[in-house]
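Participant:
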Amino acid sequence: MIESFVFGHLDGEVVRGFVLRNRNGLSAKLITYGARLTELHAPDRTGEMADIVLGFDDVASYVATDTYFGATCGRYGNRIRDGRFSLDGEAFQLSLNEGANHLHGGIAGFDRKNWDAAVDEATNTVTFSAVSPHGEEGYPGTVNLSASYRLTDDNRLEIAIRGMTDRPTILNAVHHTYWNLAGHGSGDVRDQVLVLNSDFYTPIDAELLTTGEVLAVAGTPFDFSNPKPIGADIDALADVGTGHLVGGGYDHNWCLKGDGEALRLCARVVDPASGRGLELHTTEPGVQFYTGGYLNETVIGKSNTPYCRFAGYTFETQKFPDTPNFAHFPSTTVSPGEVYDHRMSVRFFTE
Numbered sequence: 003m004i005e006s007f008v009f010g011h012l013d014g015e016v017v018r019g020f021v022l023r024n025r026n027g028l029s030a031k032l033i034t035y036g037a038r039l040t041e042l043h044a045p046d047r048t049g050e051m052a053d054i055v056l057g058f059d060d061v062a063s064y065v066a067t068d069t070y071f072g073a074t075c076g077r078y079g080n081r082i083r084d085g086r087f088s089l090d091g092e093a094f095q096l097s098l099n100e101g102a103n104h105l106h107g108g109i110a111g112f113d114r115k116n117w118d119a120a121v122d123e124a125t126n127t128v129t130f131s132a133v134s135p136h137g138e139e140g141y142p143g144t145v146n147l148s149a150s151y152r153l154t155d156d157n158r159l160e161i162a163i164r165g166m167t168d169r170p171t172i173l174n175a176v177h178h179t180y181w182n183l184a185g186h187g188s189g190d191v192r193d194q195v196l197v198l199n200s201d202f203y204t205p206i207d208a209e210l211l212t213t214g215e216v217l218a219v220a221g222t223p224f225d226f227s228n229p230k231p232i233g234a235d236i237d238a239l240a241d242v243g244t245g246h247l248v249g250g251g252y253d254h255n256w257c258l259k260g261d262g263e264a265l266r267l268c269a270r271v272v273d274p275a276s277g278r279g280l281e282l283h284t285t286e287p288g289v290q291f292y293t294g295g296y297l298n299e300t301v302i303g304k305s306n307t308p309y310c311r312f313a314g315y316t317f318e319t320q321k322f323p324d325t326p327n328f329a330h331f332p333s334t335t336v337s338p339g340e341v342y343d344h345r346m347s348v349r350f351f352t353e
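Residue numbers (my numbering): 3 to 353.
1) Whole angstroms is fine: what's the gap from L98's alpha carbon to D156's?
2) Below 8 Å, can you find three or more Cβ-Cβ pairs linking the stretch 195-215 to the stretch 177-187?
3) If you measure between the beta carbons of G143 and D113, is that distance less than 8 Å?
4) If you draw a straight line from the C-alpha of S337 to the C-alpha of P205, how long is it?
5) Tell me which same chain residues have a C-beta within less than 6 Å of the C-beta of G165, skipping the five on either side of it?
6) Looking at C-alpha atoms only, which residue of P223, W256, N327, T74 is the closest neighbour of A37?
7) Ignoring anything shorter than 3 residues or poking outside the stretch 90-128, list the beta strand (DSSP E) runs there in chain order.
8) Going by C-alpha to C-alpha distance, which of G101, N298, G76 sits closest to D84?
9) Looking at C-beta atoms only, is the number of pairs between the stretch 322-332 and the stretch 181-193 that lie closer than 8 Å three or more?
10) Starting from Y70, follow the beta strand (DSSP E) in both directions and report where the run begins and ends.
11) Using 8 Å as the cut-off, can you tell me whether the stretch 255-265 makes contact with the stretch 7-23, which would need three or more C-beta pairs spanning the two stretches below that distance?
12) Suppose contacts are defined by Cβ-Cβ distances below 8 Å. Is L105 in contact with R81 by that definition?
13) Using the rule of at least 16 other Cβ atoms within 10 Å of the residue's Cβ for burial, across every protein chain shown, is N116 buried or exposed?
14) Within a Cβ cutoff of 8 Å, which residues of the same chain sit near F94, ignoring the five residues on either side of it in sequence?
15) Secondary structure at V248, three-state DSSP: helix, strand or coil?
16) Compare the Cα-Cα distances from G295 to each of I302, H283, T285, A313 and report the closest residue.
17) Rounded to whole angstroms, what's the CA-CA distance from A269 to F224? Just pull it up for me.
18) Name the residue from S347, G279, G189, Y292 whose alpha carbon lies nearest to the alpha carbon of E286.
19) Would you report the Cα separation of Y315 and V55, rounded to the nearest angstrom?
20) Does the beta-carbon of T284 have 16 or more other beta-carbons within 10 angstroms, so that it is buried, or is it exposed?
21) According to DSSP, T319 sits in a beta bridge with which residue or residues?
22) To the nearest angstrom, how far is it from the Cα of D59 to the Cα of T212?
23) How about D253 and Y203: do their beta carbons lie closer than 8 Å?
24) Please report the residue range of the beta strand (DSSP E) in which Y203 lies.
25) Which whole-angstrom value is the C-beta distance of F9 and V61, which I expect to be below 8 Å?
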């Protein structure tokens with residue numbers, strides 16, 4: 003049975019919460035504000051449970067920070083240079099919320115909405131829905147978006163983001179959970195071992211904006227084609243022309259192998275200390291792997307836990323960053339009658 007509860011209140015509205023459970027003891031907690039995943043409890047190799055996602059205990063903390071913990075972000079996840087793009091010969095100016103650029107849908111993106119929610123007990127699914135009206139944050143078209151979460155008895159969290167529009171627009175919604183397989187409050191993740199199903203990545207400049215290049219990962223710190231600790235080459239990043247990252251660490255897009263007709267392997271990561279692991283598959287052609295370089299001890303998370311730099315990492319499956327301004331990148335254009343369909347499947351295991 004799916005548990006429902008009141009997580010808090012926002013501007014006179016109730017922020018609702020839900021708990022999904024499976025027969026193996028895994029549980030996922032979700033809230034309507036930002037259609038967020040706020041907790042995921044999974045066992046280690048001895049059966050001890052831990053919450054492995056970063057987050058907050060109250061609505062006010064989510065509102066007060068821009069970390070995007072667990073949120074559904076958009077309309078356009080990731081960055082658009084100068085907040086500008088053209089579509090069908092018409093120029094659009096989006097809101098600017100990261101310096102002179104547009105990030106994760108702008109000032110009031112989907113992560114800032116209190117979504118509607120519907121429960122399906124038969125499939126152990128919660129589906130959130132929200133509307134972005136024409137012109138919001140500068141985007142054309144009214145977009146209806148849904149984000150569903152299903153927890154299965156084979157220990158998979160299945161996430162599906164779907165959208166429709168009434169006029170041509172761009173859409174690249176992303177899921178923004180920060181994972182730490184040792185437990186959300188355990189600190190540095192750099193010893194956790196990662197594989198990315200990718201031979202290429204898209205470099206960035208000093209503003210963290212893509213340059214439009216697609217480069218091979220071989221022989222660079224971006225090569226995770228074989229199991230490697232996340233921190234193994236992290237200090238070498240400034241030496242390969244990726245731009246100066248103020249907080250250090252990865253915040254880049256990898257180009258995934260395989261096609262998107264079926265779910266393709268994206269990433270596999272294991273915490274050697276606890277034995278917890280996750281394996282992620284997606285329909286999307288890219289993934290933004292971010293290692294939390296901009297977190298610091300002033301970010302106080304659940305149970306009064308300071309989240310230090312490198313306290314978690316995200317796998318933001320996506321089309322590529324700034325796609326509207328690079329014709330050779332996968333298209334994010336959605337037209338009336340089309341369905342935007344972005345799926346992820348996260349399998350939890352121990353070894």
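Each residue gets a CB set at the ideal place from its N, CA and C atoms; glycine is no exception. Keep in mind the model is a prediction, meaning the values are calculated, not measured.
Facilitator: Walking through what the data contain:
1) 42 Å
2) Three or more beta-carbon pairs separated by less than 8 Å are not found between the stretch 195-215 and the stretch 177-187, which leaves the two stretches without contact.
3) no
4) 29 Å
5) V145, L147, L173, Y342
6) T74
7) You should have 92-95, 118-122.
8) Selected option, being the one with the closest Cα: G101.
9) no
10) Element bounds for Y70: n/a, residue is neither H nor E.
11) In short, these stretches do not touch, since the Cβ pair count stays below three.
12) Yes, Cβ-Cβ distance for L105 and R81 is below 8 Å.
13) buried
14) R86, F87, S88, G140, Y141, P142
15) Low local confidence applies: a pLDDT of 45 at V248 is under 50, so the model's placement there is unreliable, with the coordinate-based value given in what follows. In this structure, V248 counts as coil in the three-state DSSP scheme.
16) A313
17) 13 Å
18) S347
19) 9 Å
20) buried
21) V289
22) Distance between the alpha carbons of D59 and T212: 34 Å.
23) no
24) 200-204
25) 6 Å
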